[in-house]
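Trainee: Chains as they are written, first to last, in this note's numbering: chain Z, 298 to 1296; chain B, 2 to 563. This structure is in C-alpha cells; I'll ask about it shortly.
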Amino acid sequence: MKKIFLTMICMCMVLLNYAQSKEVTGIVTDQATGETIPGVNVVVKGTTNGTVTNIDGKYSINVSKTNATLLFSFVGYAPQEFVYNGQGKLDVVLVTDALTVDEVIVVGYGSQKKSDVTGAVSSVKGSFINETKEANVMAALAGKVAGVDVSLKSGQPGSSPEILIRGRSSLSYSNAPLVVVDGIPTSGGLEDINSEDIKSMEILKDASSAAIYGARGANGVIIITTKRGKKGKPTFTYDAYFGISSPTNKAKVQSADEYVGHLLEKERKNREESDSDRANWLTPGSVSLNDIDVQDVLTEQQYDAYTSGVDTDFQDEIFRNQSFQQNHRFGVTGGGDVTRYAVSMNYLKQEGTMKTTDYERYTLRTNFDIDVTDRLKISLSQQVGYSESNLLDDTGIVYSMYTGSPLARAYNEDGTPTLDPLKDGNFRNPINDIYGNQHENLRKTFRYFGNISATYKFTDDLKYILNVGPEFKSSQTGQFNNANTTKRANFGTSLARKENEFETSYTVENILQFNKTFNEIHKLDATLLFSVQESNYEETVAEGQGIPSDSQKYNRLQDSKTENRVIESTNTRTRWESYMARFNYTLNDKYLFTFTGRYDGSSKLSEGNKYEFFPSGSVAWKIGNEDFLANVEALDNLKLRLGYGTVGRNPIDPYSTYGELKAVEGSFDNQEAVSYRPDELPNSELSWEVTTTYNLAVDFALWQNRLNGSIDVYKGKTTDLLLDRLIPITSGYKQVLENVGETENRGIEITLGGDVIRSKDWRWSLDLNFSHNKNEIKKLSGGGDDVGNKWFVGRPLQVAYDWKYDGVWRLNQLAEAEKYLARPGDARYVDQNGDETLNDDDDRVILGQLDPKWIGGLTSRLSYKNLDFTVVASTRQGHVVKHDLRIQPGNTRRVGLSGDYWTPENDGAEFPRYTRNTDAYKTVDASSVRIRNITLGYNFTNEMAHKIGVQKIRMYANVQNPWLFSSFDFDGFDPDTAGAADSKIPTLRTVIVGLNVTF
Amino acid sequence: MKKLNILLILFALFLVSCDDYLDEEVSGPLTTNVYDTPEGIQFGLNAAYSTLPTVMGGSTRNGEAGWALTTLGTDVYTNGRDGGIRNFDKYTDWIDPSNSYIEAVWEEFYRGINTANTVIAKAPSTLASNPDEAKNVEGQARFLRAYFYYWLVRQFGPVHYTATETTAPETEANRTAVEEIYKHIVTDLEYAIENLPAEAAIRGKVNNWAAKTVLADVLLAMKEYDRAAQVAEDVIANGPYNLVPNYADMWNVDNEGNSEFIWSAQFTEDELIDGGGNYAHMLFLSSYDSGKFVLRDTENGRPWKRFRPTKYLLELYDDEDTRYDGTFKTVWYANDPEEIDEFIADGKDAVAVGDTALWLPKHAMTNEDRDKYIIGREGLKGKTYLDRQIVNPNEYNDRIYPATNKWIQPNRPDVNYTQGGRDFVVYRLAEVYLIASEANALKASPDQTKALNFLNEVRKRAYNTTNVSDLPVISSVDLDVILEERAKELAQEGKRWFDLVTRGKLVERVQLYGGYIDNLPGYSSRTNREGSTNIRDYHARRPIPQSQIDRSTNEYPQNPGY
C-alpha cells in the first residue's frame, strides 16, 4: 500500500515538473538474473523529483539541469547513483544486496523481515550457494556462515560433509543439524539437491530460533527454500558446466631406492641390537652400511624386481590423473493469473579420484502454486531424485596403495594385475580392487520428497495452512569382492552382499497464523502448530561367500556356501507429535518480543515420559529507530538481541525403553533351542538430551549499508546427555543407558559485510565471518573421566589423548634414551611425571581437540561492468588430526613424510628412524587456510544476448581448491580427510567452465 | 463459510484422533515383553540353560575359562605347554582381580541368574492358564539358578545373592554368607524336586532326579551327611539310571544319551546352532604329532596342550583298573605314508600305516625292552623334546603325556575345527554312588557297610568284575579314600577343584601332589612345582573381579589375599 501511495505522489510531482525539463529514459535490470525490475524508485538527488519503473522496468524522468545525480533504489538491492550528463538514455543494472536489512528471510513456519528477527538466524542467498559450483549443497556452505563448520570426511564422490552448528554438544549421538526443505523436515542427506534450485538457505543457530523445532532442534536447523515461479512469460534457463579434477599433490611415498635404503637402515639397526641383552647393544652407527648387502634385506622376489628397475607407485595406477564432472540443468519458470510454476531437471556426473568410483544423479524438481480462489492457495514442492554411486571399500586399497613395497610389480606380462607380487602372502596388490569386474560396490538411491500445501485465508489477518510432506527413499547397495581383492586377501573366497533399505515418512502440519497491526504501533504475529510425523525404516541384508562364478556378483546369493551366509532384516518405526505456539510482538517498530513454546511427544520414550515442553523467548531493541539516534545519518540499523531457549535431542533407538533381548546359542539333544536372554536393561526413565542456550547479539548497518554485520555471543548447556553407565554385572547387566552427562558450549560469532567500492562500473564487496567455539564436558556418568572414550571433564568433547611427541632421540642422548628403552633415532615422548618410564596412565596427555577452535570465511566479490571475480576462502584453526598414514612400519614403505629421517649419519633429522611407531606420533596440527574457490564470470550485454536470440548469457570459469595452506606439511594429503577412517586422499583441485543461458 | 467449517473440522480431527498415536509397536527386535507369551518364556528358559555351555564352551574366553577354573591347580591335573591359563596352576599373581577368565565366568553366571530370575518371576503369570507347565518352567529355572549359585559359592565364597528379576539399574551388590546361599539353593532345589516331572522332555533338560542329584551334592558340601545319604540313596534306588557296564563305552562319542548320565550341558556339532562348542577335545591333548610317522589329523585331534595329568593321578590307578585306558589315550598309530616311505627308502625296517607309532606305557620299560621295537630304536631327529617313541612315565613332559579318551572327538569335519559337540556331563550316576558312600561314611553315626557297598559298586565296574573279592581291599571309607576314588572315576570331568575346595583339601593336596617334575634325559630335571610352592589358604577362593568392585556404589569387599 505504502509503495503505491508513494508512487502516486511521485507521479504527481513528475507531472508538475514536466514542462521545464529534459526527459531521461532507460531500463533497470537485475544484475544476477538480467530480468527487468518494476517498481524501482528513481529520484533526482536532493529534490523531491522522482518516479518508479513500470512493469517492464522502464522509466522516464524529467531532469531540469545537467550534472544532476539520479538515485536508483529498491528493496533488496544496493542503491546506485549516476550523474546525468545530458544523455537521453540511461540503462541501469542493480545488484542484489547480500545483507539488506529489509530482506525477508525464512525462520521456520513462516518468514520475517530480517530486521525483525530476534534470534540468531543466518541467511545465505541461493546465488551465493550456487556460485562455487559444489556438487553438494552443504559443501557450499563452507566459509559462508559464522558458526557453521563444514568438513569433508570422505573422498568418495557424492558424499556429504559433516556439518556442525556452533560446535558439538552430544557425546554419543549425532550432532548433525535438522534439515528442513520447503517446510518439511527431511531425513537428511542432501546429496540429491541441486544448488541452482535453491532460493535461500537459512541457518537457525541458537535455541531461541531453533525452538520452533523443539525436540529436533538441538543441533541447529538448516532451512532450504527452493525457487518458485513468478507470474509472467515463461523463462527458460539452461545451465551447464564441465570440470576436471586432479590431485594437487600425490602423497610422497618412498621410491625403490629410498625404500631399499630404509631396509638397509633397518637391517643395520637389527645388527646393532641383535644381542639378547640390551646392555650389549652396539652404539648406533657402529655397523657400516657397506657391510650390508642389498640381498640381505630383500627377498629373492624383491631383489629381482629391484635389479630390473621396478619402482611402483600404486597411486599412479589407482588415482585418476583427471577425473571429469559435468552438470546440466534445464529449467522453466513462469505463470499466469492462477498458476505459477518452476520446473527443473538436473543431471550431474562426477568421477572420483580413485578409478572406478563415480557418482551420477538425476533430479526433477517441480514447484507449483495455484490460486484456487482468492482465499485458497495450493502449493506443491516436490523432488524426485535417482542416483548411482560406484564406491570403493577403501580400507584395504588405501593402506596397500600407500604402504605397498615399490618393488612389487604392478602387472603381469599379460597386463593383468599381479596378485601376490612379493610372493610372501602378506601383500595383496591393490590394483585388483579396481581391475576388471573383480570389485563392485554400487549404491542406487531413489528418493521422493515434497510438501503438498494448502493455505486458506479466512481474513487478511488469519490464515490456515495444511502441509502434508511425504518422503520415500529406497536404496540398494550391491557389493562384490572376488577372491583377488584386498578385502578378501585372507579368505580366498569371494564375498557378495546385497543390502536393501526402504524408508518412508510423512509429516502433517496444521498451522494457524494471525498477523495484524493494531493502532499502527502494535504488531502481532502469532503461529499455532499441530503436527504429526512418522518415519519407518526397513532393511534387508543378504551376504554370502564363495560364489561359484564372479559373473554372478551379488545377484545369486543362493549359490554361496551355506555356512557363511548372513541374513539380516530390521524394521523400526518412530513417531512424533508436536504442538507449538509462537508469538511475535512488535511495539513501535522498536521493541520486538518473540515467545515460542513447543510441546513434543516421541514414540521412542516410555509412557509418562513421552512429552516434553521446550520454551524459548527472545527480545530485540531496534536502537537505531529511537529518536535519539534518528539524527545519526550514518546509522542505518542498530539492533540489540537477547535470546534464551531450550531445545531437545532424542537420539535413542526405537524400542530402547523396553529392554532388548539377545539371541544366544542353545540346543537340546542336538536340536536347536531358540534362546533369548535379557541384554539391555529396560529404562523407562529415558528422556531427551536438553540444550539450553543464551544468545546476546548486536546487528548493525552503517553508511547506507556499506558496512553491516553482527556480533553474537552465546553460551549453551546440554544436560541429561544419554550415556551408558557401567553397573555391576551382579544385576545381570553391565551397563545402562541413562540421561546423566552434561556439556557446555560457549562462543562468539562475528559477521561483517559491505561494499568497499560502489560505483557505476566498479563494485567490490567483502563478506567476512569469524567464529570461535569452546566446548567442554561438564559431567559424565560416574563423575570422573572416561579415559576409554577419551572423555575428560573440563575438556573439549573430542580430543586426541596420547603421549606427547618430543622430537627424536639424538646420538648424544643414548644413556637417557635407554631409560625409556629407546635408542637414538627413536621418537621421543614427554615423560610427564618424570618417573623415567612411559606408561599409559600417567604420561598420556590431551594433545589437542579434534574440532577447530575457530573457523572463518572470507568472500570477495569484485565486478567491473559485466565482468565479475569472486574469491571464497575459509579457515579452520586450532585443532589436531590423527594422520593415520604417518606411519613407518618395518617392511612397508614410508608415507606422508619427507625423506628427512634419522640415521646415525643424519643425527639432526626432523623425523625419527623407521621402526619405532606409536599412535601418539601421528597426531599433528590440522589448522589450515583454504582458498576454496575463485570464479571469473562474464555477463553478456543485453545487446549481445539479443543478437544471438537469448535474453541473457553468462559464462564463467571456476577453480575449486586452488590453494591450501596448512601449518603441518601434509605432503599432499588433505588435512580434513587425513583423519578419516579410510578415505585418505590428496587435496583435489577442480577447474570448471560453464555457462548460464536464459531465453 | 462452508469451506471454513470443513477446514475447522479437519483441524479438530487431527487434534483429537491421536490418543494412541505415540504407542510404540515393537516389530523386529525381541524385547522383555516376549517373556509374557507362552512360547517366549521358553526362549528365556532356554537361554538360562545355555549359561553353562557358554561357561564351559567356546563362547567364553577361548573355550578355556570354565575348564581352567575347575581343572587346573589341583592334585590330579596340571598345566600343559601352552596357553595363558597355565598360570592358574601356578598360583601366581596372575590370578588377580583383573583376570579376564575369572571375570568372564563371573559375568556369564550372573547373566544366567538374571535370566533365570526373570523366567521365575514371569512364569506364573505368563503360563497362568497351564499351572503344571508354569511349575515345570519355574522348577527348571530354579534348578538352574540353584546350580549357578552353587558353582559361584564354591569358586568365590560369599557372593552377591539376588532372587529377583532386575528391572531398574542396580548399583549396589552384597556378599551373602555362604551358609545363607546354601539355604536358598536347597529351597530352590526342593521346589524343583516337588514340581519337575520324573522324566525330562528332551535330553539336556532337567527332571526331578537331576534336582535330587544336585541336592545330594549340595548337602554333602553343607556337611549335612544324613540327608545327603538319604537323597543320594533315593536316586540310586528309585531313579531311572544305571551304570554303563563298560567304563570306556560310556565315553563313546555316539553314546551321549546313555543310562548313566543324569544331566549334561548341551553342545552340538551343528555350527549353525552352536558356534561356540566344547573345547575339551583339544584342551586335554598332548603333542602326539611330534612323534615320527604321526601327522596331526581329525581322528587324533588338535592338541592345544592345556591340561596334563599329574604323576599322582596316573599312579593312583591299579593295573586292573579299566578306567585308566577309559580315561587316557596313550597309543597313536602311524598315519604318515610319506615319512614311512622315506624311512623305508633309507633301508630301515618296514613300518606300515596303522602300526603303533607313539606309545606311552603305564609302566616304565627298560631301554633293552624298548629297543625290541623299531620305533623305540629309531628315536627322533630334530624333535629334541621327544627322545624315543616309547615314552616312559618319567620322561613325560609338558608336551608329551597321556591325553584323553573321554573328550576325543574324531567326528569333526576338519582337524582345525575348534567347535566340539560333545556334551559336558554335569552329573552321572557313578558320582551319586560316591556321594552316598561318602555321606554314609561321614555321617554322625557312620554306616561303613553302606559306604563300602556304594563305593564298591563303582569299583566293580572299574575293575570289570561282579565280585567284590576281586577288588583290592579297602577296609573302611574315609575322606582320602573318597578323594582317591573320585579322582580316578571323575578325572577330566571338571570336578576336582570343587571336590577339593568343598572338602577343605585344596591347599594340602596341591602342596603334596600338584605340578610335575620332568626328568627327561638331557633336561636337568626341570620342575614345575610352582603351584605347590605358591599356594596359600586364600587361593581356595578366586578373586572378585575388579569391575564388580569398581562398579558397585557400596563397598564390595575383595576376597582376602588378593
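Where is the CB? At the ideal position from N, CA and C, for every residue including glycine. Only a predicted model underlies this, so the values are computations on that prediction, with no experimental measurement involved.
Would you mind working out which of B:Q547, B:A404, B:S553 and B:R530 sits nearest T75 (chain B), comparing C-alpha positions?
Mentor: Closest option to T75 (chain B), judged by alpha-carbon separation, among B:Q547, B:A404, B:S553 and B:R530: B:R530.
Trainee: Just verifying my parser: in three-state terms, what is the DSSP assignment at Y1102 (chain Z)?
Mentor: strand
Trainee: Specify, as a first and last residue, the run of the beta strand (DSSP E) that W873 (chain Z) falls within.
Mentor: First-last of the beta strand (DSSP E) with W873 (chain Z): V863 to L884.
Trainee: Give, in chain order, every residue of the stretch 502 to 522 of chain Z whose Cβ lies closer than 9 angstroms to some Cβ of chain B.
Mentor: none
Trainee: Between P767 (chain Z) and chain B, is the shortest Cβ-Cβ distance under 8 angstroms, so that the two count as touching?
Mentor: no
Trainee: So that I know if they touch, is there some Cβ in chain Z lying closer than 8 angstroms to that of N47 (chain B)?
Mentor: yes
Trainee: If you draw a straight line from the C-alpha of L1018 (chain Z) to the C-alpha of P544 (chain B), how long is it?
Mentor: 35 angstroms
Trainee: Taking only runs of the alpha helix (DSSP H) that begin and end inside the stretch 1137 to 1219 of chain Z, which ones reach a length of at least 4 residues, in chain order?
Mentor: List check, alpha helix (DSSP H) in window: 1137 to 1140.
Trainee: Residues in the same chain with beta-carbon distance under 8 angstroms from P159 (chain B), minus the five sequence neighbours each way, listed in chain order, please.
Mentor: Correct list, in chain order: R176, T177, A178, V179 and I182.
Trainee: In this structure, what does DSSP give as the bridge partners for F308 (chain B)?
Mentor: Residue pairing from DSSP places F308 (chain B) in a beta bridge opposite B:N80.
Trainee: Taking the alpha-carbon positions, what's the L521 (chain B) to D319 (chain B) distance?
Mentor: Summary for L521 (chain B): the model assigns pLDDT 47, below 50, so the residue's position carries little reliability; its value from the coordinates is reported in the next sentence. Distance between the alpha carbons of L521 (chain B) and D319 (chain B) is about 24 angstroms.
Trainee: By alpha-carbon positions, which one of B:V511, B:I550, B:S548 and B:R552 ends up nearest to D538 (chain B)?
Mentor: B:V511
Trainee: Should G562 (chain B) go down as buried or exposed, given a rule of 16 or more other Cβ atoms within 10 Å for buried?
Mentor: exposed
Trainee: Would A970 (chain Z) pass as an interface residue toward chain B - the criterion being a Cβ-Cβ separation below 8 angstroms?
Mentor: Contacts with chain B at 8 angstroms (Cβ-Cβ) include A970 (chain Z).
Trainee: Are there 16 or more other CB atoms within 10 angstroms of the CB of D925 (chain Z), so buried, or fewer, so exposed?
Mentor: For the record, residue 925 (chain Z) in the displayed sequence is Phe; it is not Asp. Exposed is the label assigned to F925 (chain Z), since fewer than 16 other Cβ atoms lie within 10 Å of its Cβ.
Trainee: Once DSSP output is grouped into helix, strand and coil, what is the label at W264 (chain B)?
Mentor: strand
Trainee: State buried or exposed for P241 (chain B), treating a residue as buried only when at least 16 other CB atoms are found within 10 Å of its CB.
Mentor: exposed
Trainee: Could you tell me the distance, in whole angstroms, from the CA atom of K299 (chain Z) to the CA atom of V337 (chain Z)?
Mentor: Caution applies to K299 (chain Z), whose pLDDT of 45 falls short of 50 and renders its modelled position unreliable; the model cannot decide the point.
Trainee: Name the two residues that bound the continuous beta strand (DSSP E) containing I667 (chain Z).
Mentor: D655 to D668
Trainee: So for K91 (chain B), helix, strand or coil by DSSP?
Mentor: In the structure shown, K91 (chain B) sits in a helix (DSSP, three-state: H, G or I).
Trainee: Could you list which residues in chain Z have their beta carbon closer than 7 angstroms to that of A174 (chain B), in chain order?
Mentor: P1025 and T1027
Trainee: Got a sec, what are the start and stop residues for the alpha helix (DSSP H) L46 (chain B) sits in?
Mentor: DSSP places L46 (chain B) in the uninterrupted alpha helix (DSSP H) bounded by P39 to Y50.
Trainee: So, with DSSP's three-state summary, where would you put S526 (chain B)?
Mentor: Note on S526 (chain B): pLDDT 47, under 50, position unreliable in the model; the coordinate value appears next. In this structure, S526 (chain B) counts as coil in the three-state DSSP scheme.
Trainee: Applying the criterion that 16 or more other CB atoms from any shown protein chain within 10 Å of the CB defines a buried residue, is I203 (chain B) buried or exposed?
Mentor: exposed
Trainee: For L396 (chain Z), collect the residues of the same chain with a Cβ closer than 6 angstroms to its Cβ; drop the 5 residues on either side in sequence, then sort them by chain order.
Mentor: Residue confidence is low: L396 (chain Z) scores 47 on pLDDT, short of 50, so the model does not pin down where it sits. Its coordinate-derived value is still stated next. Same-chain partners within the cutoff: N1005 and G1050.
Trainee: Please decide whether P561 (chain B) counts as near chain Z, where near means a Cβ-Cβ distance under 8 angstroms.
Mentor: Chain Z, which has no Cβ nearer than 8 angstroms to the Cβ of P561 (chain B), makes this no.
Trainee: Below 8 angstroms between beta carbons: does that hold for G1139 (chain Z) and N1130 (chain Z)?
Mentor: Checking the sequence shown, residue 1139 (chain Z) turns out to be Asp, not Gly. At a Cβ-Cβ threshold of 8 angstroms, D1139 (chain Z) and N1130 (chain Z) count as neighbours.
Trainee: Could you give the first and the last residue of the continuous beta strand (DSSP E) run that contains R429 (chain B)?
Mentor: F425 to R429
Trainee: Quick check on V1084 (chain Z): does DSSP put it in helix, strand or coil?
Mentor: helix
Trainee: Check each residue of the stretch 22 to 43 of chain B: if its Cβ is closer than 9 angstroms to any Cβ of chain Z, include it; give the result in chain order.
Mentor: Y22, L23, D24, E25, E26, V27, S28, G29, P30, L31, T32, T33, N34, V35, Y36, E40, G41 and Q43
Trainee: Cβ of A998 (chain Z) within 8 angstroms of Cβ of N934 (chain Z)?
Mentor: yes
Trainee: With 16 as the cutoff for other CB atoms within 10 Å, does M651 (chain Z) come out buried or exposed?
Mentor: By the 10 Å Cβ count, M651 (chain Z) comes out buried.
Trainee: How many Å lie between N779 (chain Z) and D610 (chain Z) at the Cα?
Mentor: 24 angstroms
Trainee: In its own chain, which residues sit with a C-beta less than 7 angstroms from the C-beta of P1 (chain B), not counting the 5 before and 5 after it?
Mentor: The structure shown has nothing for residue 1 (chain B), since chain B only spans 2 to 563.
Trainee: Go through its chain and collect everything with a Cβ distance to A639 (chain Z)'s Cβ below 6 angstroms, but skip five positions before and after it.
Mentor: K524, R525, G526, T630 and N664
Trainee: For a contact meaning CB atoms closer than 7 angstroms, what does R552 (chain B) contact in chain Z?
Mentor: L1023, I1024 and P1025
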